[in-house]
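Colleague: Got a structure here, written out as structure tokens. Questions coming.
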Amino acid sequence: MNVLVYLVPIALFLGLGGLVAFLWSLKDGQYDDLQGAAVRILSDDDLPSEDTGKK
Amino acid sequence: MADVVDLSLFVRYREDGAAFVELAVDGIGAPECINRIEGGLESIAGVMEARLNYTNHRVRIIWRAGEADPNAFLTTLRNLGYRAYPHVAHAVEEAEIRKEKWLLRCLGIAGFASMNIMLLSIAVWSGNATEMSVETRDMFHWISALIALPAVAYAGQPFFRSAFAALAERRLNMDVPIVVGILLALIMSVYETMNHARNAYFDSGVMLLFFLLCGRCLDQAMRRKTRAVAGNLAALKSETALRLDNEGQAVLVPVGALSSGDRILVRSGERISVDGVVLEGKSEVDESLITGETVPRQAEIGSTVYAGSTNFGAALVLRATAIGEDTLLDEIERLLDNAASSKSRYVQLADRVASAYAPVIHIAAALTFAIWVAFGASFHDAILTAVAVLIITCPCALALAVPVVQVVASGAMFRSGILLNSGDAIERLARVDTIIFDKTGTLTLPEQRVSNRALIDSELMDVAARLALSSHHPLAMAVAAEASDRIPLDNAEEVTGEGIRALVNGVEARLGSLSFCGMDRSDNGSEISGVSHVAVAFGNKRAILHIRQALRPDAVETIDLLKRSGISSLRIMSGDRAEAVEPIARALGITDWQAGMTPADKIDAIKGVQGLGATVLMVGDGLNDAPALAAADVSLSPISAANLAQVHADAVFLGERLRPAFDAVVISRRSRSLMRQNLAFALLYNLIAVPLAFLGHVTPLVAALAMSGSSVVVTLNGLRARYRSLAERESPKGAGESKVEDMVLGNSP
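And the structure:
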């Protein structure tokens, strides 16, 4: 049963990692524009051939 | 038009000195709009970043202060085909956003905790079935406690607060038994863990919290979405006023930027936005929005005019006496609060169930304890069983039964173009059997229309419409609505009281009174009541435009649908003259109509119908309808309504069509039947679970399965409100939907 000594902390650590990632994404405003995010991924404005945007 | 709005009020600054402004944008359809808007704005010199939020249709523009003029943003957007207006974040909306984030944080924590505790619990359950040393089991229980206690302390706050608030007011809501159940489960689990017991209920308590928070988050997301749309609409129709500065220059400023004592110019046909005293000019003002009186009142130097009235005659200069909060409109609103409080007596279905349910389960738990003791069980076992009864009856399914349906139904209404003001409106709408319509602006379109357009030469119509764009006269607005492009003629000149003229390709064009266009009264043909005539002359072509109020395009069809859907009585109550109401009533096939009603008459009539046991839905817009809207059991307003009417309506519908009135009733009825199914299911679950718990068969495994199972079933049943409404809405949408509606419908063009 000694294996529990590190397996349980690892499980908890992974869970906490997920929680921290979620809280960070929430704070970062990742859920503010869900529809926009779905649509933006299809736009090509980051290609160098286009020069409409500044970036 | 060339009016320039003073935007300085809306500009804010970041710490690094960059200025930013948030604009509500109307007319966003396909996803390409994102690139077009952001690209267009970022090409303006000085702009650092433009970011469009595609969900709530707002764009945030950040620029180096002083290097760009915010008005250029509006112009750029207008040239791209979008209407934009600065958006001021309302305290209410910001509070909703904060609350949503808070709930999501709670949800995240509850989710993390329930998953990790379940991980440990499954080990304990299988360990109990085989052999697991007491020390290992205790360790797992203690780790569970370590996760569960802080998680519940944080994530349980929404429920703790609501339950304590209810108890402080000496009433019971659904959160009271929830809080009691969760707290008892945790306390008992800690106690049992200290005594090296086989079972603990940490998993049940936290999982319960997780499910309930899911429901709360969905509810909150829906509410915030509605708020965002309402906020955009408010920004887009927000009022401006022409303030005269010391040199007599008129500057267009938002009403919010005015202060008492300012001199304000009100041109012909404009809405007066403040209470004030006339300094210069003589005119007639239409106060029908405030008093219901349709005959205009004379206004001359020294007379007082009120916000909300319309200037019908020549331009007036006012000195503002009351702004915003202090206006007469606001005064009426305060008086109305009394009428509205009668509606809040309605107790929501969920709360009615809660106040009956909570005492029953608490008594059941007490009885369990007493009976077990009476039959000779140990004190310890009796308490354990009683707590198990409380945990298993903790109304998880019951607490989700109504809100889930409410969320899905308000989503369905949202897609139909209905914004709900109050959550319990769905329950009240479902019981409606009498509908009372106001006429002007409700059954008819809010603006007047040219009714004989088909008979007019199209070139002549085009000239008339472009001329009309330069005038603020109410009749000219109706003509201007027919314009194909909205570019006014640059040399247009208004002749006060007569009309407007301009040179088009070297030929004089006139729009205005019959005599102004060189026509005779006798050309007019027969006078029809309710129809105004405007003449147009271009070269030697002449025509008379008939301007009248038109029915909403689908009014006849909608009234027909309502009649067939089992609404027993449809009525029209109008403040207008009988001659104007009669033809409308006949066209719609409504036999029960009354004309010339004052706001007090309307209230009396509604009270009378209610006295006979009917549940009344009032559909109306004007300020004079506001008391009637408050007096009815449930009320609906078109978005064009006076702000005050909207405040008192339970729901607001968008667009030109009347169909949302029918959709609202149908969706509500279906929702109510789903709510009842869900409640019935939740009660059935309890009928099975309570005897099991009473007999002591509820182990943590059974509790976890039963509670999550019932929650999932109730949620899935609630979702049916959405799918059936979608199937029903497959009928093609009518053409000519307004831009506002497109905005709400999202990306469907």
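Respectively, the protein sequence lines represent chains H and R.
First residue of the first sequence: -4, per my numbering; consecutive thereafter.
First residue of the second sequence: 32, per my numbering; consecutive thereafter.
For every residue, glycine included, the Cβ atom is placed at its ideal position computed from N, Cα and C.
Nothing here was measured: the structure is a model prediction, and the numbers come from that model.
Is the beta carbon of R/S668 less than 8 Å from the beta carbon of R/H577?
Modeller: Your numbering for residue 668 of chain R matches position 637 in the second sequence. Your numbering for residue 577 of chain R matches position 546 in the second sequence. Contact flag unset, no.
Colleague: Is it buried or exposed, R/T399, if we count other Cβ atoms within 10 angstroms and call 16 or more buried?
Modeller: The residue labelled residue 399 of chain R in the question sits at position 368 within the second sequence. Burial call: buried.
Colleague: Just the chain B side, please: which residues come within less than 7 Å of H/D28 by C-beta, in chain order?
Modeller: Protein chains H and R are contained in the structure displayed, whereas chain B is not.
Colleague: Looking at the strands, I want to know which residues DSSP matches up with R/W624.
Modeller: Counted from its first residue, the second sequence places residue 624 of chain R at position 593. Partner(s): R/I603.
Colleague: In the DSSP output, which residue or residues are listed as bridge partners for R/I578?
Modeller: One-based indexing of the second sequence puts residue 578 of chain R at position 547. The partner list for R/I578 (beta bridge, DSSP) reads R/V481 and R/S563.
Colleague: Which whole-angstrom value is the C-beta distance of R/L239 and R/I213, which I expect to be below 8 Å?
Modeller: In the second sequence, residue 239 of chain R corresponds to position 208, counting from 1. In the second sequence, residue 213 of chain R corresponds to position 182, counting from 1. The C-beta distance from R/L239 to R/I213 rounds to 6 Å, short enough to meet the 8 Å contact threshold.
Colleague: Please give me, in chain order, every unbroken run of the alpha helix (DSSP H) with length at least 4 that falls completely inside the stretch 419 to 456 of chain R.
Modeller: 427 to 446
Colleague: Report the three-state DSSP secondary structure of R/Y782 (helix, strand or coil).
Modeller: Any answer about residue 782 of chain R is impossible in this case: the structure gives chain R only from 32 up to 780.
Colleague: Whole angstroms are fine: how far does the CA of R/G339 sit from the CA of R/R608?
Modeller: Counted from its first residue, the second sequence places residue 608 of chain R at position 577. Counted from its first residue, the second sequence places residue 339 of chain R at position 308. For R/R608 and R/G339, the distance between alpha carbons rounds to 22 Å.
Colleague: Taking only the alpha-carbon atoms, compute the straight-line gap between R/I467 and R/V647 and give it to the nearest angstrom.
Modeller: By 1-based counting over the second sequence, the position of residue 467 of chain R is 436. By 1-based counting over the second sequence, the position of residue 647 of chain R is 616. Spanning the two alpha carbons is a distance of roughly 7 Å.
Colleague: In angstroms with no decimal places, state the Cα-to-Cα distance between R/K130 and R/D623.
Modeller: By one-based count along the second sequence, residue 130 of chain R stands at place 99. By one-based count along the second sequence, residue 623 of chain R stands at place 592. Those two C-alpha atoms are separated by around 47 Å.
Colleague: Quick check on this structure: which residue in R/T161, R/Q188, R/M146 and R/A197 has the alpha carbon closest to the alpha carbon of R/A174?
Modeller: For the purposes of this step, residue 174 of chain R is taken as residue 143 along the second sequence, with counting starting at 1. Reading the sequence as shown, one finds Ile at residue 174 of chain R and not Ala. With distances taken between Cα atoms, R/I174 lies closest to R/M146.
Colleague: Pick helix, strand or coil for R/S467, following the three-state DSSP scheme.
Modeller: Within the second sequence, numbered from 1, the residue matching residue 467 of chain R stands at position 436. The question names Ser, yet the displayed sequence has Ile at residue 467 of chain R. Looking at R/I467 - three-state DSSP - the assignment turns out to be strand.
Colleague: Which one or two residues does DSSP pair with R/N342 in a beta bridge?
Modeller: Residue numbering aside, residue 342 of chain R sits at position 311 when the second sequence is read from its first letter. In DSSP, R/N342 forms a bridge with R/V316.
Colleague: Rounded to the nearest angstrom, what separates R/A514 and R/F195 at their Cα positions?
Modeller: Indexing the second sequence from 1 puts residue 514 of chain R at position 483. Indexing the second sequence from 1 puts residue 195 of chain R at position 164. If I take the Cα positions, the gap works out to 59 Å.
Colleague: Is the CB-CB distance between R/P53 and R/H118 below 8 Å?
Modeller: Counting from one through the second sequence, the residue named residue 53 of chain R turns up at place 22. Counting from one through the second sequence, the residue named residue 118 of chain R turns up at place 87. Checking the displayed sequence, the identity of residue 53 of chain R turns out to be Glu instead of Pro. It is a contact, given that the beta carbons lie within the stated cut-off.
Colleague: When DSSP labels each residue in this structure, what does H/G10 get in the three-state scheme?
Modeller: For the purposes of this step, residue 10 of chain H is taken as residue 15 along the first sequence, with counting starting at 1. Here H/G10 sits in helix by DSSP.
Colleague: According to DSSP, is R/E364 part of a helix, a strand, or is it coil?
Modeller: Your numbering for residue 364 of chain R matches position 333 in the second sequence. Confidence at R/E364 is low in this model, with a pLDDT of 49, below 50, so the placement of that residue is unreliable and no value is reported for it.
Colleague: Let me check understanding here. Comparing Cα to Cα, which of R/A259, R/I140 and R/D57 lies closest to R/E124?
Modeller: Counted from its first residue, the second sequence places residue 124 of chain R at position 93. Restricting attention to R/A259, R/I140 and R/D57, the CA atom closest to the CA of R/E124 is found in R/A259.
Colleague: For H/Y1, which three-state DSSP category applies?
Modeller: The residue labelled residue 1 of chain H in the question sits at position 6 within the first sequence. Correct three-state label for H/Y1: helix.
Colleague: Note down, one range per segment and in chain order, each beta strand (DSSP E) of at least 3 residues found wholly within the stretch 634 to 700 of chain R.
Modeller: 647 to 650, 665 to 669 and 682 to 684
Colleague: Between which residues of its own chain and R/S193 is the CB-CB distance below 8 Å, once the five residues before and five after are set aside?
Modeller: As a first step, residue 193 of chain R must be located in the second sequence, where it is residue number 162. Cβ neighbours of R/S193 beyond the five flanking positions: N204 and D206.
Colleague: Is there contact here, the stretch 72 to 79 of chain R with the stretch 96 to 105 of chain R, by at least three beta-carbon pairs under 8 Å?
Modeller: yes
Colleague: When burial is assigned at 16 or more other CB atoms within 10 Å of the CB, is H/W19 buried or exposed?
Modeller: In the first sequence, the residue the question calls residue 19 of chain H occupies position 24. Exposed: under 16 other Cβ atoms inside 10 Å.
Colleague: Whose C-alpha, out of R/I422, R/R43 and R/S544, is nearest the C-alpha of R/A566?
Modeller: On the second sequence, residue 566 of chain R is found 535 positions in, with the first residue counted as 1. The residue with the shortest Cα to Cα distance from R/A566 is R/S544.
Colleague: With distance defined between alpha-carbon atoms, name the residue in R/E478, R/A752 and R/F41 nearest to R/P285.
Modeller: Reading the second sequence from its first residue, position 254 is the one you call residue 285 of chain R. Nearest of R/E478, R/A752 and R/F41 to R/P285, Cα basis: R/F41.
Colleague: Taking beta-carbon pairs under 7 Å, can you tell me which members of the stretch 14 to 25 of chain H lie near chain R?
Modeller: L14, F17, L18 and L21
Colleague: According to the Cβ coordinates, are R/I392 and R/P208 closer than 8 Å?
Modeller: Mapped onto the second sequence, residue 392 of chain R falls at position 361. Mapped onto the second sequence, residue 208 of chain R falls at position 177. In this structure, R/P208 lies closer than 8 Å to R/I392 by Cβ.
Colleague: Of the choices R/F445, R/A720 and R/I128, whose alpha-carbon is the least far from that of R/A737?
Modeller: By 1-based counting over the second sequence, the position of residue 737 of chain R is 706. Comparing Cα-Cα distances from R/A737 to each of R/F445, R/A720 and R/I128, the minimum goes to R/A720.
Colleague: Give a yes or no on whether the C-beta atoms belonging to R/V439 and R/L750 are separated by under 8 Å.
Modeller: What you label residue 439 of chain R is simply residue 408 of the second sequence in a count that begins at 1. What you label residue 750 of chain R is simply residue 719 of the second sequence in a count that begins at 1. Yes, the Cβ-Cβ distance between R/V439 and R/L750 is below 8 Å.
Colleague: Excluding sequence positions up to five away, which residues of its chain have a Cβ less than 7 Å from the Cβ of R/G344?
Modeller: Reading the second sequence from its first residue, position 313 is the one you call residue 344 of chain R. Excluding sequence neighbours, R/G344 sits near S299, S314 and E315.
Colleague: May I ask which residues mark the beginning and end of the alpha helix (DSSP H) holding R/P101?
Modeller: On the second sequence, residue 101 of chain R is found 70 positions in, with the first residue counted as 1. Taken as a continuous stretch (DSSP letters only), the alpha helix (DSSP H) holding R/P101 covers P101 to L111.
Colleague: Count the other CB atoms, across all protein chains shown, that sit within 10 Å of the CB of H/L9; report buried if there are 16 or more and exposed otherwise.
Modeller: Position 14 of the first sequence holds residue 9 of chain H. Under this definition H/L9 is an exposed residue.
Colleague: Excluding sequence positions up to five away, which residues of its chain have a Cβ less than 8 Å from the Cβ of R/K638?
Modeller: Residue 638 of chain R sits at position 607 when you count from the first residue of the second sequence. Closer than 8 Å at Cβ, skipping near neighbours: A662.
Colleague: Starting from the beta carbon of R/G187, find every residue of chain H whose beta carbon is closer than 8 Å, and list them in chain order.
Modeller: Residue mapping note: residue 187 of chain R aligns to position 156 of the second sequence, counting from 1. In chain order: nothing, as chain H lies at least about 16 Å away.
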